[in-house]
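Numbering (the working numbering), first residue to last: 6 to 394. Backbone N, C-alpha and C define an ideal beta-carbon position, used for all residues, glycine too. Have a look at the structure below, then the notes.
Quick look at the structure:
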């Protein structure tokens, strides 16, 4: 499953910074802390490591600048706070990195920038060009225009998407918790710390707790989701506390953190994009026979589909749901939702008679599919081995 190694031995690292680490509700920006992180980043870059930062904090910093009251903000208040805070946040990163002659580049992403293939490729090209010229991309969700329906809602999953988008081999999630426990440690005194996670199983997912602080929208749940996205693409992940003033140095010096091993059979770049989709356009509910076939690396045929949910078009990403209600795979639909419903449960030889044209034999072809959960007690690695056979 691979072993943990020094940070400077990685080729490209994405670092996610939580709001509570960067911004104090009363005092505003934690400049000394930021300077420590940037010094750590400079040390990595001096050893030819590409570094990208996914930085939360725009709304938190903006509400501090605007002196908005504590508590939940209305949507328009959050967007206004983000507009003010993003300028201050970008300036802070730029000034701190410039102490080591490092240029910062700001990139604001929306959900569509990673969910829509063409925009995804464009964002990737921009980020890679910044890395090529030696800059450090500072990335955040564009909270000035995002709404609850079209947003990530947390920067953990955004960071994972950035990591897979750019081919990073390590994702570091810095927050106010030092790793994964068997239960929320603030609620269960018997919770055990997990230093190494070889595979994200349903049991690991069940250990995820809720958000730990007011400023953070992400909890352990979103960190595990991020881990699934990253490790599937062959990217290792570390969850660590960022409360110390030089958190990356602390990780190097043995501070407690949880390390998630990357898949030893990472999916292709195209399948990485499919697996990382945060909002599938629809669902295909399948029977046990289809589950077994998918576990053996076969395509999804109409005969194995029992129900079609959602409104989607050919080429959209849809989730494949097993009889137990768990998602087992994602893939690109070969048919629009209406057509998929017409051929659900039917033999592939009947497709032309039903639809009036000879479409694809499979509802989702195996080349357009990636397994996202355990199937038939097989490990994810075994599934992928079968899929590549």
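Same chain, Cβ closer than 6 Å to residue i, neighbours up to 5 away in sequence not counted
i, result
"residue 345", "313"
"residue 196", "186, 187, 188, 190"
"residue 243", "177, 262, 264"
"residue 374", "334, 336"
"residue 140", "108, 110"
Under the three-state DSSP convention, the category residue i falls into
i, result
"residue 368", "coil"
"residue 335", "strand"
"residue 269", "coil"
"residue 70", "helix"
"residue 205", "coil"
"residue 318", "coil"
"residue 8", "coil"
"residue 374", "strand"
"residue 148", "coil"
"residue 178", "strand"
"residue 242", "strand"
"residue 111", "strand"
"residue 138", "coil"
"residue 45", "helix"
"residue 362", "coil"
"residue 164", "helix"
"residue 40", "helix"
"residue 196", "coil"
"residue 106", "coil"
Residue span of the alpha helix (DSSP H) that contains residue i, given as start and end
i, result
"residue 306", "Counting along the chain, residue 306 falls outside any alpha helix (DSSP H), and DSSP gives it neither H nor E."
"residue 252", "252–257"
"residue 192", "Per DSSP, residue 192 belongs to no alpha helix (DSSP H) and is neither H nor E."
"residue 119", "116–120"
"residue 344", "342–348"
Close Cβ partners of residue i (< 7 Å) along its chain, the five nearest in sequence each way excluded
i, result
"residue 162", "227, 230, 231, 234, 283"
"residue 371", "302, 303, 304, 392"
"residue 218", "Note that residue 218 has pLDDT 41, beneath the 50 cutoff, so the model's placement of it is unreliable and no number is given."
"residue 309", "291, 292, 294, 295, 298"
Rounded separation between residue i and residue j - CA only
i, j, result
"residue 288", "residue 297", "18 Å"
"residue 239", "residue 270", "7 Å"
"residue 179", "residue 336", "31 Å"
"residue 15", "residue 174", "6 Å"
"residue 98", "residue 47", "13 Å"
"residue 101", "residue 43", "6 Å"
"residue 12", "residue 176", "11 Å"
"residue 241", "residue 194", "29 Å"
"residue 361", "residue 281", "34 Å"
"residue 368", "residue 315", "15 Å"
"residue 246", "residue 256", "9 Å"
"residue 147", "residue 114", "5 Å"
"residue 388", "residue 322", "At residue 388, the pLDDT of 37 sits below 50, so the modelled position is not reliable and the matter cannot be decided from this model."
"residue 96", "residue 126", "27 Å"
"residue 31", "residue 86", "15 Å"
"residue 103", "residue 110", "12 Å"
"residue 62", "residue 45", "19 Å"
"residue 200", "residue 207", "18 Å"
"residue 354", "residue 311", "17 Å"
"residue 324", "residue 376", "10 Å"
"residue 84", "residue 78", "9 Å"
"residue 198", "residue 364", "51 Å"
"residue 278", "residue 128", "13 Å"
Exposure label - residue i; buried when at least 16 CB within 10 Å
i, result
"residue 108", "exposed"
"residue 192", "exposed"
"residue 320", "exposed"
"residue 330", "exposed"
"residue 285", "buried"
"residue 340", "buried"
"residue 265", "buried"
"residue 144", "buried"
"residue 64", "buried"
"residue 131", "exposed"
"residue 395", "Absent from the model: residue 395. The displayed extent of the chain is 6 to 394, so no value can be given."
"residue 251", "buried"
"residue 116", "buried"
"residue 120", "buried"
"residue 378", "buried"
"residue 343", "exposed"
Cβ shell of residue i (< 8 Å), same chain only, five flanking positions each side left out
i, result
"residue 3", "This structure cannot speak to residue 3, because the chain is shown only from 6 to 394."
"residue 18", "12, 49, 54, 55, 56, 57, 173, 174, 175, 176, 177"
"residue 28", "34, 35, 62, 65, 66, 69, 220"
"residue 154", "Because residue 154 carries a pLDDT of 47, less than 50, the predicted location of this residue cannot be relied on, and the following value inherits that uncertainty. Around residue 154: no qualifying Cβ."
"residue 347", "359, 360"
The beta strand (DSSP E) enclosing residue i, as first and last residue numbers
i, result
"residue 225", "Premise fails: residue 225 lies in the alpha helix (DSSP H), 225–237, not in any beta strand (DSSP E)."
"residue 21", "17–22"
"residue 99", "Unbroken run through residue 99 is the alpha helix (DSSP H), 80–103; no beta strand (DSSP E)."
"residue 57", "55–60"
"residue 289", "287–291"
Residue i CB to nearest heavy atom of the ligand PLP below 7 Å
i, result
"residue 316", "The model depicted lacks the ligand PLP and carries no ligand whatsoever."
Min CB distance residue i to chain C below 8 Å
i, result
"residue 194", "Chain labels in this structure do not include chain C; a single protein chain is all it has."
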